[in-house]
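Those protein sequences? They're chains A and B, same order as listed.
By the numbering used here, the letter at position 44 of the first sequence is numbered 44, and the numbering carries on one by one without gaps.
To convert, count from 1 in the second sequence and add 445; that's the numbering used here.
Virtual Cβ for every residue (Gly too), placed ideally from N, Cα, C.
All remarks here apply to the structure that follows.
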Amino acid sequence: MKELGLSRRKLLRNAALGTAALALPVSRVTPSAAMVKTLNFYSWTYGISFVKQRIAEFEKLAKVKINYGNTPGSKYHDALVVKFSGKTPLDVIYMIDGHLAEFVEAGWLYPIDEFPRVDEYRKEFIGPTAEALTYNGKLYGLPYYVGHMAFLYNEEHLEKAGIGAPPKTWDEVVQQSLQIKSKGIQEYPFLQFLKADFWMGELLFTMMYSRGGRFVDEKYNVMGYDKEGSAAAQAIQWIIDAANKHKITQPGFLELNEVAALKAFSSGTGSFAILPNYRLRAANEPKSSKVAGKVKMALIPTANNAKPNVCGWTRCYSMTASAAKDPARKAMSWKMVDFLGGKDKSGTYRTAKKWFTEFGLGFGHAPLFKDPDIIAAANKWGEAKLFESQMALSKPKDGQKAVWYAEWDQFMRPRVHKAILGQADIVGTLKTLTKQWNRLKRRYG
Amino acid sequence: MANILSVEGAKPADATGLKGWFARRTQTEGGIAMFFVGPALLLMVLLNIYPILHSFYVSVHVYNLKRPHKNPYVGFENYIMFLESEDFYNAFMNTIVFVVVSVIAVALLGLIFSLALNELGSGVRRWVVPLILVPWAVPYVANGLIWEWIYHSDYGVLNGLLVSLGVIDKYQTWLSNPNRALYTLVNAFVWKEVPLATVLFLTALQAIPEDLYSAAKVDQAGASRRFWHITLPALKLAFLLVLVYSSIISIKTFDLVYILTEGGPGDATALVSWYTYVETFRNLQFGSGASISYVIAIATFILAIGYIKILYRPQES
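In structure tokens, the structure reads:
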């Protein structure tokens, strides 16, 4: 052994380190990470008991104390801005793909490409996940969940109205809604939510995509969005007609937010709804839903012979730039990102799997589609194959990687409301939105 | 006045060093006052004046967090930009309506309730006053959430109540109707702020000497004359307080908008405070956000001075 330059003591030490590394493949303990006593983790408020359970497991594994905080999802962006600009210590956070550009440009996030196994994970990301989490060629997180807007319907209402299959086109949505309404099953069969908040963009993009429309191309040039008869114009017109002409949408839809819409749908209000796909699980949960077992998902209805595309998104676990300033904190933060967004020692995306089986949250890892537990869980409240099909047809919001996107989104909300309320002309509104987009593009471009 | 720290026979002014400097400084009343007030003043400078000055510095620079390393000095460009903005104009007009209606309603209802309470016996009043203060003690966010439940178009208590009373025949939209939304916010604001106004008026009412009313009655003055010539003049200071306080609070109302409407539907409930928030924390334009805050602060200050000029006469205090 001496000849090999390896003393017995060194061999034993290396063997011990090797064993420890094998025992903790998710953590890959580095000497510097062990020096960190506390880590600051911030998320939006969802599945808190499960999050806390995972935190406790990580604390035990990594011997670190996690300071955990959370805020409602609709206020998350603003809460993070306040915390970052106030230099509140944050190490690991939930991140929204649509806010990635501005947060990276603000210098608040740190790319994770340099860490071990990132390439392995990246190869297993499904369709849009890698692109969604990449900005300027760098990866800024591991997927927490991947979701999209989904068309849900109450099967019992359709059966009572003598409707054999859910609608495939937006015209059929109107026809079926009128049929349900005429039979007195529901006064307002299409449950619409369109409060001027975070979800408004996701909903409008879904209605536009499903009509074959686009907003901007990869170079952020507007693609006929503001033309007469564009998919965006059709989508807004459909919303107006549904409310005013056909009266199939409940009158207060401009004040209804996503959570309230889910609660209403789960209480039996509405026969059709567009909600985030993971809400299908909640709508079929007997403990919280009066219509459990009756809510099904269908591919999004279309128009103009378009593909049933929906707006999709990716949420991830990210490391902050402030965490990365200190090598020890950086190592520990990565450990946590890896623990939550990566594989465990058995090679399973444990957290992502649990999010799906327990909460219905979609995942961003291809191998999970073949996992028998996932398939079994999906078939309990829906159809696994349908989930996969709709997921494959989901697209992130056009232009969301532009650093000015969130600013434009904020500008868009009241203006589309005004168009829906009849206070502004639809095409005129779309032209104003295009003008603002181009103005911001010039300013930031 | 003698120096409180001086010792009889000593000549503090002649002493040298720190002790001497200190003794000389505390020779006068002003010096002593400064000695006691100084630390608090220093804290105030650090905690208030510095941020005010710094925010002014920010307001005359481009301070966009999406471009954190580009902060050129732009003079009053941020101010000009938002003053020319259509969105700001809309928010400004909404704010004027909100403030005027809210302040009038708070003052009038506060006065009416206080007059009614003043007629109650002191035993009853002792129980009622703490109770009516409850809405005022509710935190602003909780107040917003309460009213969200009340106004909801599908399951709101207000609709349920009005339908059961036969006032309306079907559920109405309160928050998504652009013609009503701003007034629903006013109502939520007034509900919270009237209790304090009532207590302020009530306190002033109880300070009016009973002799004045007795003398007026001897002079055969009717109830209305007694109200106009005795009660109202005696309430001037209370009015000043209520007007200044409710104006300031209404100008900076944000929580109700944040919780209930996010400025919608359309921009029907976008107040200046909301506009500032969006510009700062959603658009990350801290420079223009700071400039708007400055204008709001100055406008509020001018309004308060106006009230004081009109209502405050030192001899009446």
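Should G362 (chain A) and N277 (chain A) be called a contact, given that it needs their Cβ atoms to be closer than 7 Å?
For G362 (chain A) and N277 (chain A), yes; Cβs fall inside 7 Å.
If you measure from the beta carbon of H246 (chain A) to each beta carbon in chain E, is any gap under 7 Å?
Here the protein chains are A and B, and chain E is not one of them.
Here's the rule I'm using: 16 or more other beta-carbon atoms within 10 Å means buried, otherwise exposed. How should M391 (chain A) be labelled?
Buried, by the Cβ-count rule.
Thinking R727 (chain B) and D78 (chain A) are a contact (beta carbons under 8 Å), I'd like their distance in whole angstroms, please.
7 Å
If you follow the beta strand (DSSP E) that Y405 (chain A) is in, where does it begin and where does it stop?
From DSSP, Y405 (chain A) is part of no beta strand (DSSP E) but of the alpha helix (DSSP H) over 405-420.
Output needed for V295 (chain A): all residues of its chain with C-beta closer than 7 Å, excluding positions within five of it in sequence on either side, in chain order.
Contacts found: L152, N154, L280, A283, N284.
With a threshold of 16 other CB atoms inside 10 Å of the CB of E605 (chain B), please say whether the residue is buried or exposed.
Contrary to the premise, residue 605 (chain B) reads as Gly rather than Glu in this sequence. When all chains shown are included, G605 (chain B) counts as exposed.
If you measure from the beta carbon of Q410 (chain A) to each beta carbon in chain B, is any gap under 7 Å?
yes
K296 (chain A), enclosing beta strand (DSSP E) - first and last residue:
295-298
At least three beta-carbon pairs within less than 8 Å, the region 298-317 of chain A to the region 136-147 of chain A:
yes
Counting along the chain, where does the alpha helix (DSSP H) carrying H77 (chain A) start and finish?
76-85
Members of the region 707-722 of chain B near chain A, C-beta cut-off 9 Å
E707, G708, G709, P710, G711, D712, A713, A715, Y722
Can you list, in chain order, the residues of its chain with a C-beta nearer than 8 Å to that of T721 (chain B)? Leave out the 5 residues immediately preceding and following it.
G734, I737, S738, I741
Check S691 (chain B) in the structure and name its three-state DSSP category.
helix
Would you kindly check if the distance between the Cβ of G589 (chain B) and the Cβ of V700 (chain B) is under 7 Å?
Note that residue 700 (chain B) corresponds to Asp in the displayed sequence, not to Val. Yes, they are a contact pair.
is_contact[N604 (chain B), chain A] using C-beta, thresh 7 Å
Not one chain A Cβ lies under 7 Å of N604 (chain B).
Is there a C-beta anywhere in chain B that falls below 7 Å from the one on P25 (chain A)?
Residue placement at P25 (chain A) is flagged as unreliable, the pLDDT there being 42, under the threshold of 50; the coordinate-derived value follows with that caveat. Not closer than 7 Å to any Cβ of chain B, the Cβ of P25 (chain A) fails to qualify, so no.
Check distances from the C-beta atoms of the region 84-105 of chain A to those of chain B and list, in chain order, the residues that come in under 7 Å.
S85, E102, E105
Alpha carbon of E218 (chain A) to alpha carbon of K397 (chain A), nearest angstrom
11 Å
Where the beta strand (DSSP E) through F41 (chain A) begins and ends
It spans 38-44 - the beta strand (DSSP E) in which F41 (chain A) sits, taken as one unbroken run.
For E187 (chain A), does the count of other Cβ atoms within 10 angstroms reach 16, so buried, or fall short, so exposed?
exposed
Assuming P72 (chain A) and W108 (chain A) make a contact with CB atoms under 8 Å, what is their CB distance in whole Å?
Actually they are not in contact, since the Cβ atoms of P72 (chain A) and W108 (chain A) sit about 20 Å apart, beyond 8 Å.
Nearest chain A C-beta to F480 (chain B) closer than 7 Å, yes or no?
no
Roughly how far, in whole angstroms, is the beta-carbon of L562 (chain B) from the beta-carbon of T643 (chain B), given that I think they are within contact range, below 8 Å?
7 Å
In chain order, what residues of the same chain have a beta carbon less than 8 Å from the beta carbon of A23 (chain A), not counting five sequence neighbours either side?
Note that A23 (chain A) has pLDDT 39, beneath the 50 cutoff, so the model's placement of it is unreliable and no number is given.
Taking the alpha-carbon positions, what's the V104 (chain A) to L607 (chain B) distance?
51 Å
At the 7 Å Cβ level, is L22 (chain A) part of the contact set with chain B, yes or no?
Here L22 (chain A) scores only 39 on pLDDT, less than 50, and its place in the model should not be relied on; the value that follows carries that caveat. It does not: the Cβ of L22 (chain A) has no partner Cβ on chain B nearer than 7 Å.
Quick one: what's got a C-beta closer than 7 Å to E655 (chain B)'s C-beta in the same chain, skipping five residues either side?
No residues qualify anywhere along the chain.
What in chain A is Cβ-close to N728 (chain B), meaning under 8 Å?
A406, E407, Q410
Taking the runs of the alpha helix (DSSP H) that are 4 residues or longer, which of them lie wholly in the region 698-747 of chain B?
Inside the region 698-747 of chain B, DSSP marks whole alpha helix (DSSP H) runs of 4 or more residues at positions 717-722, from first to last along the chain.
I believe Y42 (chain A) touches G69 (chain A) by the beta-carbon criterion, under 8 Å. Please report the beta-carbon distance rounded to the nearest angstrom.
About 5 Å separates the beta carbon of Y42 (chain A) from that of G69 (chain A), a gap short enough to meet the 8 Å contact definition.
Check whether the Cβ of V216 (chain A) lies closer than 7 Å to any Cβ atom in chain B.
no
Count the other CB atoms within 10 Å of the CB of L486 (chain B); is the residue buried (16 or more) or exposed (fewer)?
exposed
What is the rounded straight-line gap between the Cα of F265 (chain A) and the Cα of S271 (chain A)?
8 Å
Rounding to the nearest angstrom, what Cα-Cα distance links T348 (chain A) and Q53 (chain A) in this structure?
18 Å
For the region 317-366 of chain A, which segments carrying the alpha helix (DSSP H) assignment without a break, of at least 4 residues, lie completely within its bounds, in sequence order?
Qualifying alpha helix (DSSP H) stretches, in chain order: 321-324, 327-341, 350-354.
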